[in-house]
Amino acid sequence: QQQVRQSPQSLTVWEGGTTVLTCSYEDSTFNYFPWYQQFPGEGPALLISILSVSDKKEDGRFTTFFNKREKKLSLHIIDSQPGDSATYFCAASKGTGNTGKLIFGLGTTLQVQP
Amino acid sequence: DPKIIQKPKYLVAVTGSEKILICEQYLGHNAMYWYRQSAKKPLEFMFSYSYQKLMDNQTASSRFQPQSSKKNHLDLQITALKPDDSATYFCASSQTGGRDAEQFFGPGTRLTVL
């Protein structure tokens with residue numbers, strides 16, 4: 053059973069639009085949530101991350117929101133650009149006894165049309 | 631200059647053979663990891679090391695053996711290769727191990743087992 057679920061599986065938006073990607077999880081002991089961006093043939097690149105003590109974190113055009121009660125998070129990309137076309141992964145890790153293990157979702161493939 | 635080097639970029643092996651995947655990081659990090667990415671599956675955590683000591687092993691098979699000869703090296707030896715081992719293997723590193731240590735990924739080694 054998938055511990056971290058992402059939706060949608062794929063998404064197309066127009067240049068300049070706002071992209072919204074969502075992620076949900078079951079394990080309430082997860083408390084660190086990074087988002088990664090991956091281009092074909094490359095490794096995942098850390099985009100933004102949030103701890104469960106926060107509900108929002110912003111970095112330029114990228115904002116992640118966290119809802120602890122609903123066990124959901126989202127990634128918003130404003131003014132989406134063709135260069136943002138990539139696969140986006142959310143991940144989660146636990147607090148106590150953590151060994152650095154990140155649990156990833158299946159990813160959302162984003163295409164930004166000019 | 632690349633901060634995490636993985637060699638080779640592509641690797642083709644025959645069933646039953648043994649291969650070593652190389653990873654070196656030049657970020658000055660103390661923790662290193664291996665993940666595997668297969669088609670239709672999420673990125674899967676394999677191992678984590680901190681200060682050259684094994685922290686976590688989530689790999690069921692002993693055919694996968696990490697080797698840390700230096701602080702900034704974490705190679706992955708795979709023996710008795712099977713077609714199911716075909717995947718892209720990513721090395722990652724972080725300043726420290728633990729919950730919210732930001733992990734940076736290398737470009738990956740794509741392994742094909744025939």
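Chains as they are written, first to last, in the working numbering: chain A, 53 to 166; chain B, 631 to 744. Positions of the beta carbon are idealized from the N, C-alpha and C atoms, including for glycine.
Secondary structure of residue i, DSSP reduced to three states
i, result
"P86 of chain A", "strand"
"P166 of chain A", "coil"
"P696 of chain B", "strand"
Interface flag, residue i vs chain A, CB-CB below 8 Å
i, result
"S716 of chain B", "no"
"P737 of chain B", "yes"
"E732 of chain B", "yes"
"P672 of chain B", "yes"
"S724 of chain B", "yes"
"A710 of chain B", "no"
Neighbourhood of residue i by C-beta distance below 6 Å, restricted to the same chain and skipping five residues each side
i, result
"S647 of chain B", "L711"
"V65 of chain A", "T71, S132 and V164"
"T74 of chain A", "S59 and S126"
"H703 of chain B", "E654"
"K124 of chain A", "S76"
"Y681 of chain B", "N660"
Residue-level contact to chain B via CB, residue i, 8 Å cutoff
i, result
"T81 of chain A", "no"
"L154 of chain A", "yes"
"P96 of chain A", "yes"
Contacting residues, own chain, Cβ-Cβ under 7 Å from residue i (five flanking each side not counted)
i, result
"A717 of chain B", "R666, Q667, S668 and L741"
"Y719 of chain B", "L651, W664, R666, L706, G738, T739 and L741"
"T689 of chain B", "M676 and F677"
For residue i: DSSP bridge partner residues
i, result
"A717 of chain B", "B:L741"
"Y140 of chain A", "A:Q89 and A:T160"
"Y681 of chain B", "Beta-bridge pairing links Y681 of chain B to no other residue."
"E648 of chain B", "Looking at the DSSP assignment, E648 of chain B forms no beta bridge with any residue, so it has no partner."
"M662 of chain B", "B:Y679 and B:S723"
"T57 of chain A", "Before going on, a small fix: residue 57 of chain A reads as Arg here, not Thr. DSSP output for R57 of chain A lists A:S76 as bridge partner(s)."
"K124 of chain A", "A:S76 and A:N119"
Environment of residue i [buried if 16+ CB atoms lie within 10 Å]
i, result
"L673 of chain B", "buried"
"F91 of chain A", "exposed"
"S692 of chain B", "exposed"
"S724 of chain B", "buried"
"Y84 of chain A", "buried"
"T116 of chain A", "buried"
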